[in-house]
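Structure first, commentary second.
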Ligand code: C2E
Ligand code: MG
Ligand code: MG
Ligand code: MG
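What follows is the structure, given as structure tokens:
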């Protein structure tokens, strides 16, 4: 019986694995030309102060539009780009787009708008990342406080002293450093002590659980209280309902992001929604 079961399991896995492999190969094939073909587009999801509803900026979220594949989700292509190294070039494109956007909004909008960029572990292995960030900022002359870097625990897991120094340097320069997906890893609390985080983003799974139990609510409340006592501001991501927003407001959560407040959108739609004329095509 066990032999029979073993064989079924084996054939099940090979079929699934070969499907995964061909999808992977297909994506990799198309990814190779995606940057030069201009298939990547940075979307922007707005972030608001929870107490005043003031718009303070956006998170940059990458989209890949491909003729054959349609629009591919970053949760599918980012891990792939991480493993084949493409993320290094793609990441530079995202950083440059975000910085150009900051500069554009700076002259078109009456209040400063910050942009948060996600950085993944592989990008930090490339030692030119930090130098590139410095170079882009210098060239664009944007205030450093308008660029936020979101890093997950994955970046810090393999961190050495050099990375620690680099993050401290960027923080010293005035960039905003935030910990993404807080609460999903093993050592988030430990990293809060070791790195210069300005912002903590509570993972959306905790926000989804709000008002399902007292324990779920208490947990979010405690994360916010703890962060504030460390001088760290808190972003709640994945806010989808008014009742979630109200609970977060009562806990004095600083910043909100989620479909309720605004979905990730093109820069044109973003500009349209905040009432500034699209500047992309009027620049010459
Ligand atoms: P993340 O950084 O945690 O981004 C938040 C994700 O939650 C985004 O998914 C966003 O669209 C989604 N989201 C926002 N509000 C809501 C909501 O109310 N409900 C729900 N259910 N989801 C919401 P997205 O855009 O698919 O990105 C997925 C992940 O891919 C990101 O998670 C980030 O880890 C990664 N990613 C995206 N863009 C980049 C990039 O430019 N570079 C790198 N390295 N990673 C990126
Ligand atoms: Mg993020
Ligand atoms: Mg997140
Ligand atoms: Mg995530």
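Residue numbers (full-length UniProt numbering): 536 to 819. Backbone N, C-alpha and C define an ideal beta-carbon position, used for all residues, glycine too. Everything numeric in this text was worked out from a predicted model, so none of it was measured.
Does any heavy atom of ligand 3 sit closer than 6 angstroms to the C-beta of residue i?
i           : result
residue 772 : yes
For a quick check, are the C-beta atoms of residue i and residue j less than 7 angstroms apart?
i           : j           : result
residue 738 : residue 716 : yes
residue 626 : residue 580 : no
residue 585 : residue 797 : no
residue 592 : residue 649 : yes
residue 596 : residue 799 : yes
residue 637 : residue 681 : yes
residue 811 : residue 628 : no
residue 741 : residue 755 : yes
residue 721 : residue 702 : no
residue 823 : residue 795 : Nothing can be reported for residue 823: it is not among the residues displayed for the chain, which extend from 536 to 819.
residue 679 : residue 710 : yes
Using the three-state DSSP reduction, which class does residue i fall into: helix, strand or coil?
i           : result
residue 663 : helix
residue 551 : helix
residue 817 : With a pLDDT of 41 at residue 817, under the threshold of 50, the modelled position of that residue is not reliable, and the figure given next carries that caveat. If DSSP states are grouped into helix, strand and coil, residue 817 belongs with coil.
residue 537 : Unreliable positioning characterises residue 537 in this predicted model, as indicated by a pLDDT of 46, which lies under 50. The coordinate reading is nonetheless provided below. Of the three classes helix, strand and coil, the one that applies to residue 537 here is helix, per DSSP.
residue 696 : helix
residue 685 : strand
residue 739 : helix
residue 768 : strand
residue 745 : coil
residue 670 : helix
residue 594 : strand
residue 734 : strand
residue 804 : helix
residue 588 : coil
residue 570 : coil
residue 676 : coil
Less than 6 angstroms between the CB of residue i and some heavy atom of ligand 1, yes or no?
i           : result
residue 702 : no
residue 656 : no
residue 629 : yes
residue 608 : yes
residue 576 : no
residue 613 : yes
residue 793 : yes
residue 775 : yes
residue 692 : no
residue 597 : yes
Let's see if you can read the secondary structure: which residues bound the alpha helix (DSSP H) around residue i?
i           : result
residue 638 : 622-643
residue 712 : Not the alpha helix (DSSP H): residue 712 falls in the beta strand (DSSP E), residues 711-717.
residue 648 : Note, residue 648: premise wrong, no alpha helix (DSSP H); not H, not E.
residue 794 : From DSSP, residue 794 is part of no alpha helix (DSSP H); its letter is neither H nor E.
residue 723 : 723-729
Could you please give the first and the last residue of the uninterrupted beta strand (DSSP E) stretch that includes residue i?
i           : result
residue 580 : 575-584
residue 789 : Segment: none, residue 789 is in no beta strand (DSSP E) and carries neither H nor E.
residue 606 : 605-607
Please tell me whether, using a cut-off of 6 angstroms, the distance from the CB of residue i to the nearest non-hydrogen atom of ligand 2 is below it.
i           : result
residue 715 : yes
residue 688 : no
residue 798 : no
residue 685 : yes
residue 653 : yes
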